[in-house]
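Asks: If you read the sequence shown in numbering that gives the first Met the number 0, its first letter stands for residue 0, the second for the next number, and so on.
All C-beta atoms in this analysis are idealised placements derived from N, C-alpha and C, irrespective of residue type, glycine included.
Below are the C-alpha cells for one structure; questions will follow.
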Amino acid sequence: MRKIAVLGATGSIGVQTLDVVARHPDKFHVTALTAHSNANELFAYVRRFRPQAAGLVKETEIPEDLRFCEWFFGEDVNSRVLEAVKPDDALCAVVGIAGLPAVMTALKVCKRILLANKEALVTGGQLVMEEARKRNVPILPVDSEHSAIFQCLQGGVEPKGLILTASGGALRTWDKQAIENATVDQVLSHPTWRMGKKITVDCATMMNKGLEVIEAHYLFGMPEERISVVVHPQSIIHSLVEFVDGSMLAQMGCTDMRVPISYALGYPERIESGAKELDLLSMGALNFEKPDMDRFPCLALARGALREGAHAMITLNGANEEAVGAFIAGRIPFGAIAKIVERILNMTSFSRVSDVEAVYTIDRDARARAMREIGRFE
Ligand code: NAD
Ligand code: MG
C-alpha cells in the first residue's frame, strides 16, 4: 500500500486523482488531503477517504464527525500536513507558486513527488531539481505533455530534442483584434480539456505552453533551444521525443488527465485509469501548426525568461498570476495580460537567485508591480 497525500484535492487534478485512487483500494491509501477554501467539498472527500490529516488555507469550523482526522489551517497548510503524515507520495495539484513550498517540504519527507503544479518548477526549478537529486527523490510528471515525454523516454536513450504539443487554446483561430477583447466566458471554454480557471486562461494566452517549456527544461535537463512547440488542435498526441537517428516517439490518448495521473501513481507499472480507449477509426485527421508568436506573445515571453534565468521566470510567473486573476475578476481586458507581463519583465533588473527566500521576495515584488499596472485599467 502506498500512502498518498493529495494537495489541492478539490481541484480539477485533485478530483481526478481521487477517482483513480478509488479504483485501486488495494494499492493506495489516502493519508492527507488539502484545499484552499472549498470546505464542504473537502469535507466530503475526508468522509469518503478517511485520511490521517487534512488542511484548509482558510480556517473553518470542522464538523463533529470529521474530528477523527488531524486538521491544519493557514498559508503553510500543505507543508504542515506533509510533515505530520510523511506520506510515500505527494501529489501536488495546488495552483500557482503556493506549490513551491509544498514541493520543497515534500522533498524532505516523501519518497516521490507526483507533480501537476508547473508553477513550482517555473519559480524554483533549479532549487527543486538540485534538492531532488541530492535527496534522490524522483519527480514524476502529471502534466500531460511531460508525462507523454517521460513515457517516450522509458527506453533510457538520450533524446535529441523534445516537441511539446499545444491545443492552441480557446482563441486559436481568432484575429489579433478579437483576441484583445475576448471575454472571460469565451476564454474559459477550452476546446479539448476541462481544467481549473487559471490554467484555462493560460492556455488561451499560450502562457501555459511557455510555462511548460520551462517545466520540460527542468524535468528533462533539456536546453531551451531543443524544446519546440507545435500547435495540434485535436490534443490526441500529447507530446513527442526526437532521437539522433531521425526517429520520433509520440504518446497518444484521449484528453483525459486520469491517464497521466495514473501513470505517475502506478509508475513503473501501468494501472487502470478509467479513461476511454482512443478510437483510431473515428479520430479523423491530426493537424499540426506553427505557433503564432504575434497573436500569442506569452510563449515568447516565457522562453525569453527561461534564457534570462530564475529571477526573470519568477517575475514572469508572479506578474502572470496577478494579471490572470485580474482578468477573471473582470478588472482588465484579455489583451492586457501579455502587456502587463511584458512591462513588468522590462522594468525589472535581474540578479542571481540563491535560495527559496529570494524566490518569495522576487515574487512579492513582481506581484506588487503587476497590481500597480492592473490599477491603471480601473
Ligand atoms: P484548480 O483551480 O481546479 O484546483 C486547484 C486546487 O488547489 C483546489 O483544490 C484549491 O482549493 C487548491 N488550492 C489552491 N491554493 C492552495 C493552497 N495554497 N493550499 C492548498 N490548496 C490550494 O486547478 P487545476 O486545474 O487542478 O490545476 C492544478 C495544477 O495542476 C496547476 O498548477 C495546473 O497548471 C496543473 N495542471 C492542471 C491540469 C488540468 O487538467 N487541470 C493539467 C496539467 C497541469
Ligand atoms: Mg499540459
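1) Go to C68, then tell me how far its alpha helix (DSSP H) extends in each direction, as first and last residue.
2) Examine the ligand NAD and report whether any of its heavy atoms sits within less than 6 Å of the Cβ of I12.
3) Under 7 Å between the Cβ atoms of T59 and A38?
4) Quick one, what's near the ligand MG if you take every residue whose CB is closer than 6 Å to any heavy atom, in chain order?
5) Should K133 be labelled buried (16 or more other beta-carbon atoms within 10 Å of its own) or exposed?
6) Classify M251 as helix, strand or coil using the three-state DSSP reduction.
7) Assuming contact is defined by CB atoms lying nearer than 7 Å, are F349 and E307 in contact in what I supplied?
8) Look at the alpha carbon of A181 and the alpha carbon of P296, and state the distance between them as a whole number of angstroms.
9) Quick check: the Cα distance between R47 and V19, rounded to an integer number of angstroms?
10) Which first and last residues belong to the alpha helix (DSSP H) in which V243 is found?
11) At the level of alpha carbons, what is the spacing between P232 and T254?
12) How should P62 be labelled, buried or exposed, when 16 other C-beta atoms within 10 angstroms of its C-beta is the threshold for buried?
13) Could you tell me the distance, in whole angstroms, from the CA atom of D174 to the CA atom of M292?
14) On the premise that V76 lies in contact with V56, defined as a C-beta separation below 8 Å, what is that separation, rounded to the nearest angstrom?
15) Do the CB positions of I12 and F27 come within less than 7 Å of each other?
16) How is E288 classed by DSSP in three states: helix, strand or coil?
Replies: Working from what's here:
1) Membership of C68 in any alpha helix (DSSP H) is not indicated, and neither H nor E is assigned to it by DSSP.
2) At least one heavy atom of the ligand NAD lies closer than 6 Å to the C-beta of I12.
3) Their beta carbons are under 7 Å apart, which means T59 touches A38 by this criterion.
4) Sorted by chain position, residues whose beta-carbon lies closer than 6 Å to a non-hydrogen atom of the ligand MG are D142, S143, E144 and E211.
5) Burial is judged here by how many other beta carbons sit within 10 angstroms of a residue's own beta carbon; K133 has fewer than 16 and is exposed.
6) M251: strand per DSSP, three-state reduction.
7) Yes; because the gap between Cβ atoms is below 7 Å, this pair is in contact.
8) Between A181 and P296, the C-alpha separation is close to 16 Å.
9) So the two alpha carbons sit approximately 14 Å from each other.
10) Counting along the chain, V243 sits inside no alpha helix (DSSP H), nor does DSSP assign it H or E at all.
11) So the alpha carbons of these two residues sit roughly 11 Å apart.
12) With fewer than 16 Cβ atoms within 10 Å of its Cβ, P62 is classed as exposed.
13) Across the structure, D174 and M292 are spaced so that their CA atoms are roughly 13 Å apart.
14) Between V76 and V56 the Cβ distance is about 6 Å, and since that is below 8 Å, they are a contact.
15) Against a cut-off of 7 Å, the Cβ pair of F27 and I12 comes out as no contact.
16) Three-state DSSP puts E288 in a strand.
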